[in-house]
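Novice:
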Amino acid sequence: MTATAARPTATPVTSHSSFGGLLRSEWTKLRSVRSTGWSLGLLALLYPSFTALLVGLTVANWEQTDPSDLALVVSDPTAVILGSGFLISQPAICVLGVMVIASEYSTGMIRASLLAKPRRIPMLAAKGVMLSLVVLAVSLVAAFVSFFIGAAMLSDKVEASLGDPGALRAVIGTALYLAMLSLFSLAIGAIVRRTAAGITSVIMFVLVLAPLVQLLPGKFGEYTHAYLPTEAGILIGQATQHEGDLLTPWQGFGVFGLWTAALLALAAFLLKHRDA
Amino acid sequence: MIEAKNLTKRYGDKIAVKDLSFTVEPGKVTGFLGPNGAGKSTTMRLLLGLDHPNHGDATIDGRRYRDLATPFTVVGALLEAKAVHPGRTAYNHLLCLAQTQGIGKKRVSEVLDLVGLREVAHKRAGGFSLGMGQRLGLAAALLGDPAVLVLDEPVNGLDPEGILWVRTFMRQLAAEGRTVFVSSHLMNEMAVTADHLIIIGRGSLIVDCPTQEFIDRGTKQTVLVRSPHADELAEAIVRAGGTVSRTDDGELSVEDLDTARIGEIASAGGHVLHEVVPQRGTLEEAFMALTRDSVEYVGSGSTHDAGARKSGGDAQ
Chain A
1 MTATAARPTA TPVTSHSSFG GLLRSEWTKL RSVRSTGWSL GLLALLYPSF TALLVGLTVA
61 NWEQTDPSDL ALVVSDPTAV ILGSGFLISQ PAICVLGVMV IASEYSTGMI RASLLAKPRR
121 IPMLAAKGVM LSLVVLAVSL VAAFVSFFIG AAMLSDKVEA SLGDPGALRA VIGTALYLAM
181 LSLFSLAIGA IVRRTAAGIT SVIMFVLVLA PLVQLLPGKF GEYTHAYLPT EAGILIGQAT
241 QHEGDLLTPW QGFGVFGLWT AALLALAAFL LKHRDA
Chain B
1001 MIEAKNLTKR YGDKIAVKDL SFTVEPGKVT GFLGPNGAGK STTMRLLLGL DHPNHGDATI
1061 DGRRYRDLAT PFTVVGALLE AKAVHPGRTA YNHLLCLAQT QGIGKKRVSE VLDLVGLREV
1121 AHKRAGGFSL GMGQRLGLAA ALLGDPAVLV LDEPVNGLDP EGILWVRTFM RQLAAEGRTV
1181 FVSSHLMNEM AVTADHLIII GRGSLIVDCP TQEFIDRGTK QTVLVRSPHA DELAEAIVRA
1241 GGTVSRTDDG ELSVEDLDTA RIGEIASAGG HVLHEVVPQR GTLEEAFMAL TRDSVEYVGS
1301 GSTHDAGARK SGGDAQ
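Residue numbers (this note's numbering), protein chains in the order written: chain A, 1 to 276; chain B, 1001 to 1316.
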């Protein structure tokens, strides 16, 4: 552990400021901690596994299933395939999105990050770009793999292919939804600045509160539910419009995008003005 | 060069830094001293743009920290609290910081060598000892080969060898013409490291002077005199130009006269002397007396106890 105090520099240090540099930095941060691998690994593993499990159960119980339920499966096999593993993979993305920023606060790393980029907001922007790109890439693989596994397992009972109306959009849309969800979680993490609180609030909202709003009575419940970020956003992952959907898939995704943009704007404002 | 102008920072209704102004010159190690809680870390956070001042401004070579495009090439900072993700290796920690300003991988390896962390470069920082953590912090501060260094308690938690290493390192950086601004709550450490001292208490400036001047001033020689004729002797000493104060034991503590002169005065007046002992106060005592006074000045009603520093607002 001894070090002779040599001259600090042998050669002059060159430097330049660029957004590309910030992106490279965020990539290094992402790939060099275990939580990233765990979250994305779980997503890549659980999504296809649960697709296989639940589609397998559907096929196994085919004869005993209620005819009206079977009609649903036959009319929209993509929903069965993509929907099965989807629920289980969402929390992994919520955790990753919150952790990416909140762990910087819990470990003190945020101070080093802000010393490197005292203007602050470009750091958050680079984090968002890198996170969403990585999540999008992994989710695309997971969604396509799941689709092909599910379609193959269902092939005896019902034909499902990417050529079905809306099927390709639904597969890609599921990945887009997960990428947007990572940004949504990042924004919450940046606002809350605490890992446990951030993760709990995002997961509670996405998995419990938002779906529960459906139960609110009348038009009020219907509209509120339709415009909630994740409930609107997930429309893009459905191949077919359901009876009574207030928004089209892309409209829904747009609503999710607006919510996320608003939260990110709030996160950026707070990042800029709060003491680190 | 670092310039702080009228820096003021409040957290809630507690004032951490109050109208603080000072200049830190290049080519020297400037020690930033104060008891724990005096506002040193806050001041450094204000300098580095981590916290926003309520009033005033801090500039580094004439520019505010947040206006620096590639700050690492201008200022290197070591913060007191750990600023490292424990799950990341030392190398990756430095790499992700270097990449933000286009500093190459070669430089990352260079600074790891420089602080002696080459062998543990690919170990997770969470397993580092306090000393290794400080070295990693220093490596980060040196990434951009900056002309200004801001180091918050760099010897905290280091073993004697580590302390010596940091001290030598800082002296060398200053000798190269760099501005080295280093905080500490240990007077004796700063006495041997710093060329210049800035001392604060309760967020306000107390002393801004060369270290040698502070040492000369702070360790004024006094002579302890014990005599059965203390009262008469005290009068004689005062007439001769000395300053006398009485200790609790009835001894005389004399300033401005040396032992020889006191002996002559006693002899001339026929006063019996039992003891004449020259005494030199320690620097640590001078520092504590100084900061204790500043504390009393702000928060009246506290006693002389070492633990008398209370949080603000309890008296007035």
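Just so it is clear, CB atoms sit at the ideal spot from N, CA and C, and this is done for glycine as well. Note that the structure is predicted; figures quoted are calculated from it, not measured.
Distance cutoff 7 Å, beta carbons only. Does Gly1269 (chain B) sit that close to anything in chain A?
Specialist: If you number the second sequence from 1, residue 1269 (chain B) lands on position 269. No, its Cβ sits nowhere closer than 7 Å to a Cβ of chain A.
Novice: Classify Cys1096 (chain B): buried if its beta carbon has 16 or more other beta carbons within 10 angstroms, exposed otherwise.
Specialist: Start at 1 with the first residue of the second sequence, and residue 1096 (chain B) comes out as number 96. With 16 or more Cβ atoms within 10 Å of its Cβ, Cys1096 (chain B) is classed as buried.
Novice: Taking the alpha carbon of Phe144 (chain A) as the reference point, which residue from A:Ile172, A:Trp38 and A:Pro229 has its own alpha carbon closest?
Specialist: By one-based count along the first sequence, residue 144 (chain A) stands at place 144. Here the closest residue by C-alpha is A:Ile172.
Novice: Compute the Euclidean distance between the alpha carbons of Asp164 (chain A) and Thr78 (chain A), then round it to the nearest angstrom.
Specialist: For the purposes of this step, residue 164 (chain A) is taken as residue 164 along the first sequence, with counting starting at 1. For the purposes of this step, residue 78 (chain A) is taken as residue 78 along the first sequence, with counting starting at 1. Looking at the two C-alpha atoms, the distance is approximately 9 Å.
Novice: Pick from A:Ala179, A:Glu26, A:Val192 and A:Met130: whose alpha carbon is nearest that of Ser106 (chain A)?
Specialist: In the first sequence, the residue the question calls residue 106 (chain A) occupies position 106. The candidate whose alpha carbon is nearest that of Ser106 (chain A) is A:Val192.
Novice: My guess is that Gln1101 (chain B) and Gly21 (chain A) are in contact by the Cβ rule of under 8 Å, so how many angstroms apart are they, rounded?
Specialist: Locating residue 1101 (chain B) in the second sequence gives position 101, counting from the first residue. Locating residue 21 (chain A) in the first sequence gives position 21, counting from the first residue. Confirmed, Cβ separation roughly 6 Å.
Novice: Taking DSSP's pairing of strands, which residues face Cys94 (chain A) in a bridge?
Specialist: Numbered from 1 along the first sequence, position 94 holds the residue referred to as residue 94 (chain A). Bridge partners of Cys94 (chain A): none, in fact.
Novice: Sort B:Phe1214, B:Asp1249, B:Thr1222 and B:Gly1269 by Cα distance to Arg1239 (chain B) and report the nearest one.
Specialist: Counted from its first residue, the second sequence places residue 1239 (chain B) at position 239. With distances taken between Cα atoms, Arg1239 (chain B) lies closest to B:Gly1269.
Novice: Is there at least one Cβ from chain B nearer than 7 Å to Leu115 (chain A)'s Cβ?
Specialist: Start at 1 with the first residue of the first sequence, and residue 115 (chain A) comes out as number 115. Yes, contact with chain B.
Novice: I'd like to know whether the C-beta of Arg1107 (chain B) is nearer than 7 Å to at least one C-beta of chain A.
Specialist: In the second sequence, the residue the question calls residue 1107 (chain B) occupies position 107. It does; some Cβ of chain A falls within 7 Å.
Novice: Under the assumption that Ile203 (chain A) contacts Pro48 (chain A) (Cβ atoms under 8 Å), give the Cβ distance between them as a whole number of angstroms.
Specialist: In the first sequence, the residue the question calls residue 203 (chain A) occupies position 203. In the first sequence, the residue the question calls residue 48 (chain A) occupies position 48. In fact, because the Cβ distance is near 22 Å, the residues do not count as touching under 8 Å.
Novice: In or out: Glu104 (chain A) buried (at least 16 other Cβ within 10 Å) or exposed?
Specialist: For the purposes of this step, residue 104 (chain A) is taken as the residue at position 104 of the first sequence. Burial check for Glu104 (chain A): the Cβ neighbour count within 10 Å reaches 16 or more, so the residue is buried.
Novice: May I have the straight-line CA-CA distance separating Thr1023 (chain B) from Phe1032 (chain B), to the nearest angstrom?
Specialist: Residue mapping note: residue 1023 (chain B) aligns to position 23 of the second sequence, counting from 1. Residue mapping note: residue 1032 (chain B) aligns to position 32 of the second sequence, counting from 1. Taking the straight line from one Cα to the other gives about 11 Å.
Novice: Examine chain B for any beta-carbon lying closer than 7 Å to the beta-carbon of Lys127 (chain A), and answer yes or no.
Specialist: Against the first sequence, residue 127 (chain A) aligns to sequence position 127. So, not an interface residue.
Novice: What does DSSP give as the partner residue(s) for Gly1201 (chain B) in the beta ladder?
Specialist: In the second sequence, the residue the question calls residue 1201 (chain B) occupies position 201. DSSP lists B:Ser1204 as partners of Gly1201 (chain B).
Novice: Between Ala1069 (chain B) and chain A, is the shortest Cβ-Cβ distance under 7 Å, so that the two count as touching?
Specialist: Along the second sequence, one-based indexing puts residue 1069 (chain B) at 69. Judged by the 7 Å Cβ criterion, Ala1069 (chain B) is in contact with chain A.
Novice: Find the residues of chain B that neighbour Val33 (chain A), judging by a C-beta separation of less than 8 Å, and give them in chain order.
Specialist: Your numbering for residue 33 (chain A) matches position 33 in the first sequence. Ordered by position in chain B, the residues that pass the 8 Å Cβ test against Val33 (chain A) are His1085, Gly1087 and Arg1088.
Novice: Taking the runs of the alpha helix (DSSP H) that are 4 residues or longer, which of them lie wholly in the segment 1252–1300 of chain B?
Specialist: Secondary structure in the segment 1252–1300 of chain B: the alpha helix (DSSP H) runs of 4 residues or longer, each lying completely within the stretch, are 1259–1269 and 1283–1298 in chain order.
Novice: Between which two residues does the beta strand (DSSP E) holding Tyr948 (chain B) run?
Specialist: The first residue shown for chain B is 1001 and the last is 1316, placing residue 948 (chain B) beyond what the model contains.
Novice: Got a sec: is the Cβ-Cβ distance from Asn1092 (chain B) to anything in chain D below 7 Å?
Specialist: Given the protein chain composition of this structure (A and B), no chain D is represented.
Novice: Between Val1084 (chain B) and Gln1134 (chain B), what straight-line distance do the alpha-carbon atoms span, to the nearest angstrom?
Specialist: As a first step, residue 1084 (chain B) must be located in the second sequence, where it is residue number 84. As a first step, residue 1134 (chain B) must be located in the second sequence, where it is residue number 134. Their Cα atoms are separated by approximately 11 Å.
Novice: Can you tell me whether Ser17 (chain A) is helix, strand or coil according to DSSP?
Specialist: Taking the first residue of the first sequence as 1, we reach residue 17 (chain A) at position 17. DSSP places Ser17 (chain A) in coil when its eight states are reduced to three.
Novice: Tell me, please, which residues DSSP counts as bridged to Leu1151 (chain B).
Specialist: To locate residue 1151 (chain B), count along the second sequence from 1; it is residue 151. According to DSSP, Leu1151 (chain B) bridges with B:Leu1078 and B:Val1182.
Novice: Looking only at its own chain, which residues have a Cβ that is under 6 Å from the Cβ of Arg1118 (chain B), when we skip the five neighbours before and after it?
Specialist: As a first step, residue 1118 (chain B) is located in the second sequence; it is residue number 118 there, counting from the start. So the qualifying residues of the chain are Leu1112.
Novice: From this set, B:Thr1282, B:Leu1046 and B:Phe1287, which residue's C-alpha is nearest Asn949 (chain B)'s C-alpha?
Specialist: Here chain B covers residues 1001 to 1316 and nothing more, so residue 949 (chain B) does not appear.
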